[in-house]
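In the working numbering, the protein residues as written are 2 to 234.
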Amino acid sequence: MTTNLNTIRAYLAFPVRMFARSSQRRYIVRWLASLWPGATLRRPQPWLVFAAIDYLNTIDMRSWQIFEYGSGSSTLYWLRRAAHVTSIEHDAPWYERVRALLPPGAKLDYALVSPEPCLRPELDLDPADPHAYISANYPGEGLTYKRYVSQIDAFADGSLDLVLIDGRARASCLARAAPKVRPGGMLILDNSERAYYTQRNAAALSSYQPLVFAGAVPLVPVFSQTTIYRRRP
């Protein structure tokens, strides 16, 4: 009961917190609208910082090749933008839920790639290590996401217009995805305020210019950060 009350209080207080930040006032109505049941399906949008969404809305993505780790409203958003999407999902119930919402004839390759038991769960692995292929829930989770991360290997280096990293084992996804983006293309890292995603990926990101967006996101009463990395020509 206490947890539920705290959650309710957090939602009620969040518009006030947004108003206290002058840069976030413009998003109060959009944040409130995102809370209505089905809102993110009627008007699909990635669950990124609102300012990052605004930036993406200015770009013509027709015929883009997009790869995403983590599916949902973002998948529908890319499809509505007339892109061709490859989406990798680790959660079976969520995969089925999203699949039921896909429009007929969608230009989408959608794959469920579940994690596997870690062969040596006693190892002291670090989720910041791109070669660990684990989530921050390790070791309690005891799972490896190596097969999930490696799905992008099917694409040639420099062949993708955009990669969204919004799923599991993000440090590993970032390292694996960086070479796949074309010059001028985008690599999007959600929740980039979590420093461990990038602390061992300096080399992978050396050819990218970061654009950092901080602020409110749809659906939840938190401030977050989305970084859009543009690959230098």
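Cβ coordinates follow ideal geometry from the N, Cα and C atoms, glycine included.
Between which two residues does the beta strand (DSSP E) holding residue i run?
i: GLU97; result: Counting along the chain, GLU97 falls outside any beta strand (DSSP E), though it belongs to the alpha helix (DSSP H) covering 93 to 100.
i: VAL86; result: 85 to 90
i: VAL114; result: Counting along the chain, VAL114 falls outside any beta strand (DSSP E), and DSSP gives it neither H nor E.
i: ALA157; result: Where ALA157 is concerned, there is no enclosing beta strand (DSSP E), given that its DSSP letter is neither H nor E.
Beta-carbon within less than 7 Å of residue i's beta-carbon, same chain only, minus the 5 sequence neighbours each way: which residues are those?
i: ILE54; result: GLN46, PRO47
i: ARG201; result: ALA129, ASP130, PRO131, ALA172
i: THR145; result: PRO116, GLU117, CYS119, TYR134, ILE135
Measuring straight from C-alpha to C-alpha, what distance separates residue i and residue j?
i: PHE1; j: SER64; result: The shown model of the chain, from 2 to 234, leaves out residue 1, and the question about it has no answer.
i: ALA155; j: PRO116; result: 18 Å
i: SER74; j: SER151; result: 23 Å
i: PRO105; j: GLY159; result: 29 Å
i: SER24; j: ASP162; result: 29 Å
i: TYR56; j: PRO211; result: 13 Å
i: ARG121; j: GLU142; result: 12 Å
i: LEU126; j: ARG27; result: 42 Å
i: VAL218; j: PRO234; result: 30 Å
i: GLY71; j: MET187; result: 16 Å
i: ARG18; j: VAL223; result: 9 Å
i: GLU97; j: PHE68; result: 19 Å
i: ALA14; j: LEU36; result: 14 Å
i: THR59; j: THR76; result: 18 Å
i: ALA178; j: VAL164; result: 7 Å
Provide the residue span of the alpha helix (DSSP H) that contains residue i, from first to last.
i: TYR149; result: 147 to 150
i: VAL213; result: Per DSSP, VAL213 belongs to no alpha helix (DSSP H); it is in the beta strand (DSSP E), 209 to 217.
i: ARG81; result: 74 to 81
i: THR41; result: 40 to 43
i: TRP32; result: 29 to 35
i: SER173; result: 171 to 178
Keeping to the same chain, check which residues put their C-beta closer than 8 Å to that of residue i; ignore five residues upstream and five downstream.
i: VAL114; result: ILE89, GLU90, HIS91, ARG148, TYR149, GLN152
i: ALA34; result: ALA40
Using C-beta distances below 6 Å, list every residue in its chain close to residue i, excluding the 5 sequence neighbours before and after it, in chain order.
i: LEU235; result: Outside the displayed range of the chain (2 to 234) lies residue 235, so it cannot be described from this structure.
i: ASP191; result: LEU49, ASP167, THR227
i: HIS236; result: Residue coverage of the chain in this structure runs from 2 to 234, which leaves residue 236 outside it and unanswerable.
i: PRO180; result: ASP158
i: ASP110; result: THR87
i: ARG169; result: HIS91, SER136, TYR146
When DSSP builds the beta bridges, which residues end up paired with residue i?
i: ILE60; result: None, per the DSSP bridge assignment.
i: ILE189; result: LEU165, ILE229
i: GLU194; result: For GLU194, which the question treats as bridged, DSSP gives no partner whatsoever.
i: ILE67; result: VAL86, LEU163
i: PHE224; result: ALA217
i: VAL182; result: LEU161
i: LEU109; result: VAL86
Count the CB pairs spanning the stretch 33 to 52 and the stretch 133 to 144 that are closer than 8 Å, and state whether there are at least three.
-> no
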